[in-house]
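Notes follow once the structure below has been shown.
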Amino acid sequence: MDSELVPSQELVVARFLPAIVRIQDYCEEGGPAKAWLTRNQTDEKERTPWVLRVFPQYREEINKEFHQSLVIMDRDRDYGCINGIPLIQIRNKVSTVGGEERPTTLYRAIHGLHPHGGIKSRLGHGSDPVWFHHHLRRHLRWQAREPSPFLSATTNYGKARSVARKYLRQGFPDVRIITFKTSGPGWDHERQRLWNPRDLVKALSPSDNRWYLDDEFLIEYSIPELSIVRTESFAAYLSHRVRRPKRLQKIYEEKSGNNGTTVLKLRKLTLSEKKRWKQLKRYKRFWIGPKMKPNAAS
1242 MDSELVPSQE LVVARFLPAI VRIQDYCEEG GPAKAWLTRN QTDEKERTPW
1292 VLRVFPQYRE EINKEFHQSL VIMDRDRDYG CINGIPLIQI RNKVSTVGGE
1342 ERPTTLYRAI HGLHPHGGIK SRLGHGSDPV WFHHHLRRHL RWQAREPSPF
1392 LSATTNYGKA RSVARKYLRQ GFPDVRIITF KTSGPGWDHE RQRLWNPRDL
1442 VKALSPSDNR WYLDDEFLIE YSIPELSIVR TESFAAYLSH RVRRPKRLQK
1492 IYEEKSGNNG TTVLKLRKLT LSEKKRWKQL KRYKRFWIGP KMKPNAAS
């Protein structure tokens, strides 16, 4: 089952302008907006943070393309707003990761305060063709706190460790790294789709292409519990690592007796070296160049 070849799937999604603009100015400049994504200003307790306001002449076209997914928003589409995100295209093809490009194993850092154990999206379900691009952009923004239909994972174990360290520094409990397979028992590839975020932003909003997308993948909706092959406590991992303070060590060269090659080794600092290190630490912030003395005015 580990060698199961999962084919790629195509999905037609809407594409939004990757910026919030003033609606009146954009329309006066002849911008190709078919609808506007605006903040939901209603007082309802259970509400979506955004609503899509469709121009009447495009309503039938958009509903036909996305199978009546906008009917629930009819009552919001005629309300006035100042700023919004324009929907500029409705037929953009994106593809899931499949075939030989699909990684067999992924890593994900989670913590004890993640909803659903860190293996199910905060939104509680997947995305849809209308909201896909917007969900993607909000997920890739670290500052955004809106529930996302995606879960981030990586092929780089070192990157997962870096995220786990960040969780520890922020005080999250029960930090762990899970290792899971991307095919086999538990997977429903129609709902739990695997995406390459770099390919998605190149197709939908190239300005969102960032360095931190290296080695990253997005799982839509959830990670099957049956696919998890390992769960590692990151705090326990760190407790087994013993580090010496760098200030008590010094690299020196030593000639080996046999072939005369140079070997780099570490040794503890002598008392005189420790004293010198403290002096350097005291005056370091005043230096501008190698020959400058401490700032007399301080």
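All the letters of the sequence shown, read from the start, carry residue numbers 1242 to 1539 under our numbering. Idealized CB from N, CA, C, for every residue including glycine.
Which residues bound the beta strand (DSSP E) around residue i?
i: N1304; result: First-last for N1304: 1297-1306, but that is the alpha helix (DSSP H), not the beta strand (DSSP E).
i: V1253; result: 1251-1257
i: R1434; result: Note, R1434: premise wrong, no beta strand (DSSP E); not H, not E.
i: T1423; result: Run containing T1423: none; DSSP gives neither H nor E here.
Can you give me the start and stop residues for the alpha helix (DSSP H) that residue i sits inside?
i: A1405; result: 1398-1410
i: R1591; result: Look at the range of the chain in this structure, 1242 to 1539, and you will see that residue 1591 is not part of it.
Looking only at DSSP bridge pairs, what is residue i linked to?
i: F1458; result: A1394
i: S1474; result: R1417
i: R1263; result: N1324
i: A1274; result: In DSSP, A1274 forms no bridge with anything.
i: S1463; result: K1361
Is the beta carbon of residue j closer than 7 angstroms to that of residue i?
i: H1212; j: V1416; result: One cannot answer for residue 1212 here, as it falls past the ends of the chain, which runs 1242 to 1539.
i: E1251; j: S1336; result: yes
i: N1397; j: D1456; result: yes
i: N1324; j: I1261; result: yes
i: S1448; j: P1259; result: yes
i: V1254; j: R1343; result: no
i: S1362; j: L1392; result: yes
i: V1338; j: L1278; result: no
i: A1350; j: A1385; result: no
i: G1427; j: P1390; result: no
i: F1307; j: V1371; result: yes
i: N1281; j: P1290; result: yes
i: I1226; j: F1421; result: Any question about residue 1226 goes unanswered here, given that the chain covers just 1242 to 1539.
i: H1380; j: F1257; result: no
i: S1403; j: E1245; result: no
My assumption, with CB atoms under 8 angstroms, is that residue i sits in contact with residue j. Please give the rounded CB distance.
i: L1377; j: F1458; result: With 8 angstroms as the limit, L1377 and F1458 do not qualify as a contact, their Cβ atoms being about 13 angstroms apart.
i: I1460; j: A1394; result: 6 angstroms
i: A1276; j: V1295; result: 4 angstroms
i: Y1462; j: H1366; result: 6 angstroms
i: P1388; j: L1364; result: 4 angstroms
Does any residue of chain D bring its CB to less than 7 angstroms from the CB of residue i?
i: G1425; result: Of the protein chains in the structure, only one exists, and it is not chain D.
For this session: Could you pull out every unbroken alpha helix (DSSP H) segment of at least 4 residues lying fully inside the segment 1312-1394, listed in chain order?
Result: Entirely contained in the segment 1312-1394, the alpha helix (DSSP H) runs reaching 4 residues are, in chain order, 1373-1381.
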